[in-house]
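There are 2 protein chains.
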Amino acid sequence: MAKVIASITTSVDGYIAAPGDGPGRGLGEGGERLHNWVFGGPWRYEDDARGEPSGEDAVWFAEVVSRIGAVVSGRSTYEAARHWGERNPWDVPVFIVTHRPEEEPDSGEFAFVSGVEAAVERAAEAAAGKDVQVMGGAEIIRQALAAGVVDELTIIVAPVILGGGKRLFEGFSRSLDLHQLGARQSRFATFIDYRVKQ
Amino acid sequence: MAKVIASITTSVDGYIAAPGDGPGRGLGEGGERLHNWVFGGPWRYEDDARGEPSGEDAVWFAEVVSRIGAVVSGRSTYEAARHWGERNPWDVPVFIVTHRPEEEPDSGEFAFVSGVEAAVERAAEAAAGKDVQVMGGAEIIRQALAAGVVDELTIIVAPVILGGGKRLFEGFSRSLDLHQLGARQSRFATFIDYRVKQ
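Chains A and B are the protein sequences, given in the same order. Quick note on this note's numbering: the first sequence kicks off at 1211 and runs consecutively. Quick note on this note's numbering: the second sequence kicks off at 1211 and runs consecutively.
What follows is the structure in structure tokens.
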């Protein structure tokens, strides 16, 4: 059986976006610092070009890419990313959790699914024995954790205190024991891997 | 100049105590899991005896003890610990931040000081060149961070999602950039060390 892995970047104070997030500014105002690890260093929304991950960050991406067979994303993440330019940027099927599955684009690039559990189920089928990556946003990860469908949780902690924004665990009231699988640090973030005890 | 180091344990969802904390139950109901790393494994408030830290956890304590010359604690932490049995459990002076410094015990075991900045200042003098440890609680650490008197921040992440309780960064609205100093993991927690950029 494929594993379902949720991973997301947060600030030290637990925010996945600074205030003022939205399309084209998915990490909020000044929230770019959360993703310095993604782009190999400091960057701004306004930049024409963005860098590539390097070192441990690149290793992490390569490992994730090698093990996943499908991706699950929330609709707001999809919108914030401006539909990734209407092209699936991964080499594997992507399932978008949405209340309006009828809005699925005709391109066939993205499958729209109602409900995180159904999306994870379809992703697991599509992954054909490989792992499923639940990439966020926060609400999708909370729903997946609450539904008990997450096997592994990776918290990527960026070295910044934001002082406000969207909390990863906002409104999450379940208590879950985790088993530590490991921790490592790149120049720009600390990666902590957990197995979720069900 | 001595460094001021703040360190505190949080859950993965950022709580330093589960709901229902108070004297004798400083980590709240079921919050003992936060401090498995302190006692060498699972423990309960009701236990007659508690274990000792081991492995990496013991190494961390030994390192902290070797570098600190004074401790700053909040009044509520002092109360939750039942005044550590009216005896300073450290080999160095302890300064308790309180709105009622006139309630300082006659024993001379603890110095009561009004305000976190004054407490850190007095602790730095008493430390005579060694470091000052700000041990919490959360409010004291927030006040110290907001006042710009923290040089290093260590977040000790216990492998548990509590789903409620007291948040370390509750109401903290400043944004601070941090510089990663390192990360390591014991059996029971992940230690992430930061330098606070002023």
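We put the beta carbon where it would ideally sit given N, CA and C, even for glycine.
Alpha carbon of residue i to alpha carbon of residue j, nearest angstrom
i, j, result
"A/I1402", "A/A1368", "11 Å"
"A/R1394", "B/E1335", "37 Å"
"A/V1344", "A/V1406", "14 Å"
"A/L1378", "A/T1400", "16 Å"
"B/Q1390", "B/D1223", "20 Å"
"B/R1297", "B/D1316", "12 Å"
"B/G1493", "B/A1348", "In this structure chain B extends from 1211 to 1408, so residue 1493 of chain B is not present and cannot be described."
"B/D1267", "B/W1247", "6 Å"
"B/E1262", "B/L1237", "18 Å"
"B/A1354", "B/G1346", "10 Å"
"A/E1313", "B/L1388", "42 Å"
"A/A1228", "A/V1342", "27 Å"
"B/S1396", "A/G1295", "43 Å"
"A/P1303", "A/R1332", "10 Å"
"A/R1412", "A/G1232", "The requested residue 1412 of chain A does not occur in the structure, where chain A is confined to residues 1211 to 1408."
"B/P1311", "B/E1327", "14 Å"
"A/R1260", "A/A1272", "18 Å"
"B/P1299", "B/A1290", "14 Å"
"A/S1264", "A/H1245", "13 Å"
"B/F1398", "A/G1392", "11 Å"
"A/E1380", "B/E1380", "12 Å"
"B/D1258", "A/R1254", "55 Å"
Identity of the residue in the options nearest residue i by Cα
i, options, result
"A/E1256", "A/G1234, A/G1250, A/L1244, A/W1247", "A/G1234"
"A/F1249", "A/E1312, A/S1283, A/W1270", "A/W1270"
"A/G1230", "A/D1267, A/R1310, A/E1239, A/R1352", "A/E1239"
"A/D1301", "A/P1311, A/Y1288, A/G1279, A/G1295", "A/G1279"
"B/T1308", "B/E1327, B/V1330, B/A1328, B/G1284", "B/G1284"
"B/Y1225", "A/L1237, A/F1398, A/R1254, A/S1383", "A/S1383"
"B/P1411", "B/D1258, B/A1259, B/R1243", "Residue coverage of chain B in this structure runs from 1211 to 1408, which leaves residue 1411 of chain B outside it and unanswerable."
"A/S1276", "A/D1387, A/H1293, A/K1340, A/R1397", "A/K1340"
"B/A1357", "B/S1286, B/Q1408, B/P1311, B/A1290", "B/Q1408"
"A/I1218", "A/G1265, A/T1287, A/G1232", "A/T1287"
"A/G1241", "A/A1259, A/R1260, A/R1310, A/T1220", "A/T1220"
"A/S1385", "A/R1260, A/I1366, A/R1352", "A/R1352"
"B/L1404", "B/I1366, B/G1381, B/E1380", "Before going further, note that residue 1404 of chain B is Tyr rather than Leu in the sequence given. Minimum Cα distance to B/Y1404 is reached at B/I1366."
Delimiting residues of the alpha helix (DSSP H) encompassing residue i
i, result
"B/Y1288", "1285-1290"
"B/G1236", "Note, B/G1236: premise wrong, no alpha helix (DSSP H); not H, not E."
"B/K1267", "Residue identity differs from the one stated: residue 1267 of chain B is Asp in this sequence, not Lys. Run containing B/D1267: 1265-1277, per the alpha helix (DSSP H) assignment."
"A/V1302", "From DSSP, A/V1302 is part of no alpha helix (DSSP H); its letter is neither H nor E."
"B/A1348", "1348-1356"
For residue j and residue i, believed in contact at Cβ under 8 Å, the rounded distance
i, j, result
"A/I1350", "A/V1282", "7 Å"
"B/F1305", "B/A1338", "Not quite, the Cβ-Cβ distance comes to about 14 Å (not below 8 Å), so this is no contact."
Any non-hydrogen atom of the ligand HEM closer than 8 Å to residue i Cβ
i, result
"A/L1363", "As far as ligands go, the structure on display features none, and thus does not contain the ligand HEM."
Endpoints, beta strand (DSSP E) assigned at residue i
i, result
"A/E1362", "1362-1367"
"A/Q1408", "Per DSSP, A/Q1408 belongs to no beta strand (DSSP E) and is neither H nor E."
"B/S1217", "1214-1220"
"B/A1227", "1225-1227"
"A/A1321", "1321-1323"
"A/E1388", "In the sequence as presented, Glu is not what sits at residue 1388 of chain A; that position holds Leu. 1386-1395 is the span of the beta strand (DSSP E), which, as asked, contains A/L1388."
"A/V1326", "Unbroken run through A/V1326 is the alpha helix (DSSP H), 1326-1337; no beta strand (DSSP E)."
The segment 1368-1381 of chain A contacting the segment 1320-1331 of chain A, beta-carbon criterion three pairs below 8 Å = No: fewer than three Cβ pairs fall under 8 Å.
request  = Pair every Cβ in the segment 1359-1368 of chain B with every Cβ in the segment 1211-1224 of chain B, then say whether three or more of these pairs are closer than 8 Å.
outcome  = Here the segment 1359-1368 of chain B lies against the segment 1211-1224 of chain B, with 3 or more beta-carbon pairs under 8 Å apart.
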